[in-house]
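Comments concern the structure below.
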Ligand code: SF4
């Protein structure tokens, strides 16, 4: 138990459900429980995790590579929606600022660099024509004449807020390649990590040019 304790982060933060790393070490029985400590999924602790697993008589499960379907590129992580939300949150900026947009509106647009028309519901608006949206289409929206939306043309995609579903939790300041789970093209995106809370991350400076 004390060997395992020495390999834990030592932050005694309680995120694993125990008050101290020592209590976590005492109750840790298998590989599946290791993820309860959010820090152990970081690259920095990879060697420690391998040693802990060896003490427990287990091996690190081999993660399959994350490969974009349309571009065949390898990504660092996949991004899932926060909590029970329908998609990751995205901050978008339409180049055409003439359309009056309100919270609750459905927007039709095409992200700069993406060939797919998107539909999204506005959940927040910020100064400067930046809107936080949830993706709500296009699958069941196209060809539906009764469906009301505002056309805002081409948009710059500025940021994603979501949860790391596969891959290691990145650090603030790290440039990452990622695949949003609901991306229709399963295309690898890139961006800069500006916030990390557990497995939830905010990625800004989004770019579809990845190589
Ligand atoms: S979450 Fe990790 S660092 Fe925090 S108390 Fe538990 S074992 Fe220690």
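Residue numbers (the numbering used here): 86 to 296. All C-beta atoms in this analysis are idealised placements derived from N, C-alpha and C, irrespective of residue type, glycine included.
N- and C-terminal bounds of the beta strand (DSSP E) containing residue i
{"i": "residue 275", "result": "274-282"}
{"i": "residue 175", "result": "174-179"}
{"i": "residue 289", "result": "285-292"}
{"i": "residue 89", "result": "Looking at the DSSP string, residue 89 is not in any beta strand (DSSP E); the run it does join, the alpha helix (DSSP H), is 87-92."}
{"i": "residue 233", "result": "Segment: none, residue 233 is in no beta strand (DSSP E) and carries neither H nor E."}
{"i": "residue 262", "result": "260-265"}
{"i": "residue 209", "result": "203-211"}
{"i": "residue 191", "result": "191-196"}
{"i": "residue 186", "result": "Where residue 186 is concerned, there is no enclosing beta strand (DSSP E), given that its DSSP letter is neither H nor E."}
{"i": "residue 218", "result": "215-222"}
Inter-residue Cα distance where the pair is residue i and residue j
{"i": "residue 156", "j": "residue 137", "result": "37 Å"}
{"i": "residue 292", "j": "residue 153", "result": "14 Å"}
{"i": "residue 237", "j": "residue 113", "result": "52 Å"}
{"i": "residue 295", "j": "residue 189", "result": "32 Å"}
{"i": "residue 166", "j": "residue 246", "result": "8 Å"}
{"i": "residue 98", "j": "residue 91", "result": "15 Å"}
{"i": "residue 125", "j": "residue 132", "result": "10 Å"}
{"i": "residue 232", "j": "residue 221", "result": "12 Å"}
{"i": "residue 151", "j": "residue 273", "result": "9 Å"}
{"i": "residue 123", "j": "residue 168", "result": "16 Å"}
{"i": "residue 101", "j": "residue 182", "result": "46 Å"}
{"i": "residue 96", "j": "residue 180", "result": "45 Å"}
{"i": "residue 106", "j": "residue 248", "result": "24 Å"}
{"i": "residue 115", "j": "residue 253", "result": "19 Å"}
{"i": "residue 288", "j": "residue 244", "result": "5 Å"}
{"i": "residue 216", "j": "residue 159", "result": "29 Å"}
{"i": "residue 213", "j": "residue 178", "result": "8 Å"}
{"i": "residue 208", "j": "residue 163", "result": "23 Å"}
{"i": "residue 285", "j": "residue 250", "result": "9 Å"}
For residue i, the first and last residue of its enclosing alpha helix (DSSP H)
{"i": "residue 108", "result": "106-112"}
{"i": "residue 161", "result": "Segment: none, residue 161 is in no alpha helix (DSSP H) and carries neither H nor E."}
{"i": "residue 119", "result": "116-119"}
{"i": "residue 137", "result": "131-141"}
Classification of residue i by the beta-carbon crowding that lies within 10 angstroms, buried from 16 upward
{"i": "residue 255", "result": "buried"}
{"i": "residue 161", "result": "buried"}
{"i": "residue 110", "result": "buried"}
{"i": "residue 117", "result": "exposed"}
{"i": "residue 290", "result": "exposed"}
{"i": "residue 119", "result": "buried"}
{"i": "residue 239", "result": "exposed"}
Proximity test, Cβ basis, 9 Å: residue i and chain C
{"i": "residue 244", "result": "Among the chains in the structure shown there is no chain C, since it carries only a single protein chain."}
Q. If you pair each beta-carbon of the stretch 276-286 with each one of the stretch 254-264, do three or more pairs fall below 8 Å?
A. Taking a cut-off of 8 Å for Cβ pairs, the stretch 276-286 and the stretch 254-264 touch, as three or more such pairs fall below it.
Q: Report yes or no: do the stretch 190-201 and the stretch 155-174 share at least 3 C-beta pairs separated by less than 8 Å?
A: no
(Q) When you compare the stretch 123-142 with the stretch 200-213, are there three or more beta-carbon pairs, one atom per stretch, that lie closer than 8 Å? (A) no
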